[in-house]
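Take 38 as the starting number for the sequence shown in our numbering and just add one per residue.
Built from N, CA and C at the ideal position, the CB exists for glycine as well.
All values reported here derive from a predicted model rather than from experimental measurement.
Below you'll find the structure, written out as structure tokens, and then a few comments.
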Amino acid sequence: MAWQATKTLIGAILLSNAIFGMGVIAALSGLDFGLTNIPRVMSLSFIPASINDIAPAMTVISSIPALTILLPPLLSAFGLRLILLVGLTMLVKAASESIMNYLKTGIIRIPVEVIETLIAIGVAWTGFNLFFPNYINYNTKIFIIGAFIISAIMLLFVYLDRTKTGFIYAYTIKAGAIILILLAVFAIASIQNSIADARRVEWLGPYVKQEIAVNRYLADIDDVKIFIYNFTAKSNVLNSSQLSRIHRDLQTVRLWDWDAAFTKLKPEIGLIPYIDFEDSDILRFRNRLYWSASMKPVLPRGIPPSDIWYNEHLVYTHVPSGFLLLDANNGTVINPSTFFKQRRIYYGEGGLFDTTWAAIILGKERSDEVTGVGYHGNGGVIISPPTTWLFDVTFLLSYPDKHVRVIRYRDVYDRMELILPYFTYIWRGRYVDMFPVTDGNRTYWLMPLIIRLGTSMVPWSKDHELVRFIGYSLIDVYDGEIKLLIIGDDFVSELIRRAYPDLLIEEFPDWLKHQTRFPEEVFEYQVEMFNTYHVEDPATFIQAREFYEIPKGVHVYYIIAQPPRFERPEFIGLLSLQLRGSPGRNLAGFMVVRNDYPNLGEKIFYRVPIGSEVKLLGPSAAREALERFAEFRKLRTLLENPRIGETILYQIGDYLVYVIPVYTSPAGGVVAQLGTIATVGAEFTGKYFIGLGSTPEESFNSFLRSLGGAAPTITGIDLYNLTMSILRDFKLRIMYPEKINADLIFLEGNITYRSLKLLREDLSKFISTWVTGRGLDRVLVWRLNNTVNVGSIFSEEGVVELHYIRIVGG
Numbered sequence: 038m039a040w041q042a043t044k045t046l047i048g049a050i051l052l053s054n055a056i057f058g059m060g061v062i063a064a065l066s067g068l069d070f071g072l073t074n075i076p077r078v079m080s081l082s083f084i085p086a087s088i089n090d091i092a093p094a095m096t097v098i099s100s101i102p103a104l105t106i107l108l109p110p111l112l113s114a115f116g117l118r119l120i121l122l123v124g125l126t127m128l129v130k131a132a133s134e135s136i137m138n139y140l141k142t143g144i145i146r147i148p149v150e151v152i153e154t155l156i157a158i159g160v161a162w163t164g165f166n167l168f169f170p171n172y173i174n175y176n177t178k179i180f181i182i183g184a185f186i187i188s189a190i191m192l193l194f195v196y197l198d199r200t201k202t203g204f205i206y207a208y209t210i211k212a213g214a215i216i217l218i219l220l221a222v223f224a225i226a227s228i229q230n231s232i233a234d235a236r237r238v239e240w241l242g243p244y245v246k247q248e249i250a251v252n253r254y255l256a257d258i259d260d261v262k263i264f265i266y267n268f269t270a271k272s273n274v275l276n277s278s279q280l281s282r283i284h285r286d287l288q289t290v291r292l293w294d295w296d297a298a299f300t301k302l303k304p305e306i307g308l309i310p311y312i313d314f315e316d317s318d319i320l321r322f323r324n325r326l327y328w329s330a331s332m333k334p335v336l337p338r339g340i341p342p343s344d345i346w347y348n349e350h351l352v353y354t355h356v357p358s359g360f361l362l363l364d365a366n367n368g369t370v371i372n373p374s375t376f377f378k379q380r381r382i383y384y385g386e387g388g389l390f391d392t393t394w395a396a397i398i399l400g401k402e403r404s405d406e407v408t409g410v411g412y413h414g415n416g417g418v419i420i421s422p423p424t425t426w427l428f429d430v431t432f433l434l435s436y437p438d439k440h441v442r443v444i445r446y447r448d449v450y451d452r453m454e455l456i457l458p459y460f461t462y463i464w465r466g467r468y469v470d471m472f473p474v475t476d477g478n479r480t481y482w483l484m485p486l487i488i489r490l491g492t493s494m495v496p497w498s499k500d501h502e503l504v505r506f507i508g509y510s511l512i513d514v515y516d517g518e519i520k521l522l523i524i525g526d527d528f529v530s531e532l533i534r535r536a537y538p539d540l541l542i543e544e545f546p547d548w549l550k551h552q553t554r555f556p557e558e559v560f561e562y563q564v565e566m567f568n569t570y571h572v573e574d575p576a577t578f579i580q581a582r583e584f585y586e587i588p589k590g591v592h593v594y595y596i597i598a599q600p601p602r603f604e605r606p607e608f609i610g611l612l613s614l615q616l617r618g619s620p621g622r623n624l625a626g627f628m629v630v631r632n633d634y635p636n637l638g639e640k641i642f643y644r645v646p647i648g649s650e651v652k653l654l655g656p657s658a659a660r661e662a663l664e665r666f667a668e669f670r671k672l673r674t675l676l677e678n679p680r681i682g683e684t685i686l687y688q689i690g691d692y693l694v695y696v697i698p699v700y701t702s703p704a705g706g707v708v709a710q711l712g713t714i715a716t717v718g719a720e721f722t723g724k725y726f727i728g729l730g731s732t733p734e735e736s737f738n739s740f741l742r743s744l745g746g747a748a749p750t751i752t753g754i755d756l757y758n759l760t761m762s763i764l765r766d767f768k769l770r771i772m773y774p775e776k777i778n779a780d781l782i783f784l785e786g787n788i789t790y791r792s793l794k795l796l797r798e799d800l801s802k803f804i805s806t807w808v809t810g811r812g813l814d815r816v817l818v819w820r821l822n823n824t825v826n827v828g829s830i831f832s833e834e835g836v837v838e839l840h841y842i843r844i845v846g847g
């Protein structure tokens with residue numbers, strides 16, 4: 038028995054999920070997996086549930102670590118051993134005896150006792166597994182009792198077969214007994230189902246109550262804050278504070294979607310044949326949104342087959358400048374060096390990163406790598422002869438005496454899956470979205486760490502997965518070094534902390550706090566679960582009249598906005614929801630998720646009262662209203678190749694509106710331009726309010742006019758005079774150059790005006806670093822187009838350097 042148990046345990050560790058071994062070690066070291074509650078879980082099928090009591094659900098929740106990590110592989114391994122060791126062994130032995138008996142006597146003897154024994158074992162094992170179903174109701178105990186009665190009857194038949202002559206051939210009695218038991222079980226279950234059909238709340242309500250509690254835990258939506266969205270009367274009479282907020286909010290509206298951004302970024306590659314686009318991400322720096330396009334290395338076309346080995350392993354080892362950036366508000370292409378000092382990517386995704394390894398020949402005078410700049414990082418491993426000869430015969434022939442740095446697993450997803458196989462890297466057929474971040478010097482990929490655990494043995498789970506976002510992995514794009522940032526407080530987070538202490542970053546880095554983004558995959562899953570399990574009343578749940586759904590074609594939008602009850606604009610994720618099955622396309626509310634640490638992952642749902650006279654238009658209804666708008670229909674005929682962009686819900690001042698960009702491609706060009714911007718009022722009382730304009734301010738002014746009366750004009754800030762007044766406070770000499778001649782010119786940042794306080798902080802930081810910090814008392818100011826530039830010029834070892842910042846009004 039001990040040997041069998043040992044083999045079972047070893048088999049479970051080797052043959053089941055990778056997290057099991059970690060769980061066993063953690064459990065042995067004292068981590069509470071809820072194993073002591075397993076007997077209570079097994080008794081839940083026999084304990085009456087109450088519609089006012091979720092104690093059974095709490096028992097299940099306390100046991101979920103054991104029910105998801107420990108028990109499934111153990112029981113699977115044990116069940117497999119029952120089939121292979123007991124079942125197959127007994128069948129082979131019985132079949133051998135039957136064959137030998139046939140050869141001796143010519144009579145085929147059916148091994149009835151063996152078959153009955155196997156049926157008894159199989160049914161008993163099924164009954165035992167019914168203690169851990171994914172749903173418990175009033176019939177579960179009937180099926181458990183029925184399974185064990187059948188198993189006991191089959192064992193009784195085996196006993197009688199051996200002790201009572203002739204009973205082995207009493208097939209009619211045996212079949213009749215089993216059929217009677219099955220009929221009794223299904224009759225009782227059917228009667229209870231019939232009663233429950235007429236009294237669903239009384240009979241199903243207690244179990245639905247447990248289902249709601251368990252699934253809210255599985256999806257981690259217990260802490261979702263729910264606020265009633267208050268419709269307030271809107272007025273055209275706006276004070277200066279309201280106008281200032283509206284202007285501020287309009288500066289960060291996301292006017293460029295990825296398709297439009299791509300048309301502007303694609304020409305930036307130019308004629309470079311060895312890089313291509315791989316992925317796009319929405320990033321934020323200094324409270325402004327940017328589209329980022331990350332690159333991958335590819336082999337140029339036309340390389341002769343004889344040169345492929347040399348080029349893919351020694352030349353095209355990396356992407357020299359791995360990112361392109363575009364301002365998502367005004368469509369300006371941004372120099373990526375503004376934010377990313379390190380842009381050479383040796384570890385990325387796709388292209389040659391995914392298909393092959395790279396090699397750096399050490400001790401070689403001139404690097405073979407593209408652009409001629411050699412690798413000086415710590416990535417990969419250094420191998421020496423004769424290991425290099427065994428690794429690839431080309432090294433034996435071409436570099437027999439050279440040490441070689443071999444860089445493998447350069448695709449970040451492959452690298453992570455090899456080192457940390459416990460996490461989810463592919464979600465619904467697509468790679469989990471990672472994105473670049475920077476500490477000011479080095480660049481990293483920020484990979485969300487997502488755990489998905491099966492719940493087939495968790496009562497009331499209905500097989501919905503346990504999903505947790507527990508933190509991030511930081512992967513250095515140059516060295517490939519992996520660090521873990523665990524922010525969760527659940528049992529999986531504790532497992533990872535114990536297993537990988539050397540990889541952990543203990544404190545959340547300050548530089549990362551305003552670059553994080555809650556993973557879209559987890560947010561969508563949580564919202565999908567919230568759509569059903571926000572209903573806490575069993576009667577309402579059973580009647581299914583308040584379930585939500587995500588409108589067709591809508592996905593998570595990451596924007597900078599200030600929803601109700603927020604003190605300031607934040608980088609948030611937003612999803613709109615409508616009533617499931619509702620013929621109207623009005624919103625039931627919208628969910629936002631916060632992205633700034635320490636509020637990362639906090640979710641807020643703004644619910645529209647079902648009986649409200651004022652409705653919230655859904656995105657499809659808002660788009661249709663725009664397309665029917667007479668002024669837009671006329672304008673559309675004048676635009677070349679018009680395309681309506683994303684329909685995103687924004688809180689602009691006190692107004693909830695959809696801001697919809699419309700793109701055009703003049704003269705058949707491929708580069709998109711903004712044709713017009715539409716502002717559609719989301720609050721609907723039977724009349725649509727729509728404004729059009731070439732700028733966000735003009736569009737919003739038009740929207741205000743549509744509300745009735747003369748709207749106040751939302752104008753831009755006098756940025757130049759505002760900047761000058763701040764600079765004068767620093768008591769510096771202000772110079773106004775007509776022309777600047779410098780040997781080196783450094784753009785230290787693009788600053789978009791958001792508020793007087795933030796502009797003052799940005800200017801103070803620049804002055805302390807590049808003016809007073811250099812012992813200077815003068816600052817340069819000049820205007821170019823619509824920007825104000827503030828700079829500092831000085832000589833560094835005979836080289837004249839200009840460092841400046843560019844200030845724009847949005």
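Cβ neighbour criterion (16 or more within 10 Å) applied to Ile844: buried
Assigned exposure category for Gly508 - 16 Cβ within 10 Å defines buried: buried
CA-to-CA distance, Ala256 to Tyr562, given in whole angstroms: 8 Å
Burial state of Leu140 (16 or more Cβ within 10 Å): exposed
Inter-residue spacing [alpha-carbon to alpha-carbon] between Ala662 and Gly718: Cα-Cα distance, rounded: 10 Å.
Close Cβ partners of Tyr595 (< 6 Å) along its chain, the five nearest in sequence each way excluded: Ile319, Gly610
Buried/exposed call for Phe264, threshold 16 Cβ in 10 Å: Note on Phe264: under 16 other CB atoms within 10 angstroms of its CB, so exposed under the neighbour-count rule.
Residue range of the unbroken beta strand (DSSP E) whose run includes Pro485: 480–490
Span separating the alpha-carbon of Ala157 from that of Arg118: 16 Å
Sub-8 Å separation of Asp451 and Asp405 beta-carbons: Annotated as distal: Asp451 and Asp405, with beta-carbon spacing of 8 Å or more.
Cβ pair Pro496, Tyr695 closer than 8 Å: No Cβ-Cβ contact shorter than 8 Å links Pro496 with Tyr695.
Cβ shell of Tyr537 (< 7 Å), same chain only, five flanking positions each side left out: Leu521
Same chain, Cβ closer than 6 Å to Glu833, neighbours up to 5 away in sequence not counted: The beta carbon of Glu833 sits closer than 6 Å to no other beta carbon from its chain once the five residues preceding and following it are set aside.
Extent of the continuous alpha helix (DSSP H) to which Lys333 belongs: Premise fails: Lys333 lies in the beta strand (DSSP E), 325–334, not in any alpha helix (DSSP H).
Proximal residues to Thr684 (C-beta, below 7 Å), its chain only, five neighbours per side dropped: Pro656, Ala659, Arg660, Tyr695, Ile697
Residue closest to His440, alpha-carbon to alpha-carbon, out of Phe726, His413, Leu399, Ser343: Leu399
Backbone CA spacing between Glu502 and Val469 [nearest angstrom]: 17 Å
Three CB pairs or more closer than 8 Å across the segment 352–372 and the segment 311–325: yes
Beta-carbon contacts of Ile283 that lie in its chain and below 7 Å, excluding the five residues immediately before and after: Ile689, Gly690, Phe737, Ile751
Straight-line gap, Ile371 to Ile340 (C-alpha atoms, nearest Å): Each residue's Cα considered, the two are about 33 Å apart.
Cα-Cα separation between Tyr196 and Ala94, rounded to whole angstroms: 42 Å
Spatially closest choice to Glu566 from Arg617, Asn252, Gly411, by CA coordinates: The amino acid occupying residue 566 in the given sequence is Met; Glu does not appear at that position. Looking at the Cα atoms, Asn252 is the closest of the given residues.
Three-state secondary structure (DSSP) of Gly508: strand
Of the residues Phe299, Glu798, Arg236, Arg765, the one placed nearest Leu817, counting alpha carbons only: Arg765
Bridge partners - Phe721, DSSP secondary structure assignment: Lys652
Spatial distance of Phe831 from Met761 (CA atoms): 21 Å
Assumed close pair Ser619, Val591 - CB separation to whole angstroms, cut-off 8 Å: That belief does not hold up - the Cβ atoms of Ser619 and Val591 are roughly 15 Å apart, past 8 Å.
Span of the alpha helix (DSSP H) around His592: Element bounds for His592: n/a, residue is neither H nor E.
N-terminal and C-terminal residue of the beta strand (DSSP E) that Gln580 is part of: First-last for Gln580: 575–580, but that is the alpha helix (DSSP H), not the beta strand (DSSP E).
Reduced DSSP secondary structure (H/G/I, E/B, other) of Met38: Reliability fails at Met38, whose pLDDT of 47 lies under 50, so the model's placement of it is uncertain and no value is given.
Cβ neighbour criterion (16 or more within 10 Å) applied to Glu557: buried
Same chain, Cβ closer than 6 Å to Arg673, five either side skipped, listed in chain order: Pro679
Touch test, the segment 326–346 against the segment 729–743, Cβ-Cβ under 8 Å, three pairs minimum: no
Range covered by the alpha helix (DSSP H) that runs through Lys301: Its alpha helix (DSSP H) spans residues 295–306.
Same chain only: Cβ atoms within 7 Å of Gly786, ignoring 5 sequence neighbours per side: Close CB contacts of Gly786 within its chain, under the 7 Å cut and outside five residues either way in sequence, are with Thr375, Ile842 (chain order).
Counted within 10 angstroms of its Cβ, other Cβ atoms place Arg285 as buried (16 or more) or exposed: Label assigned to Arg285: buried.
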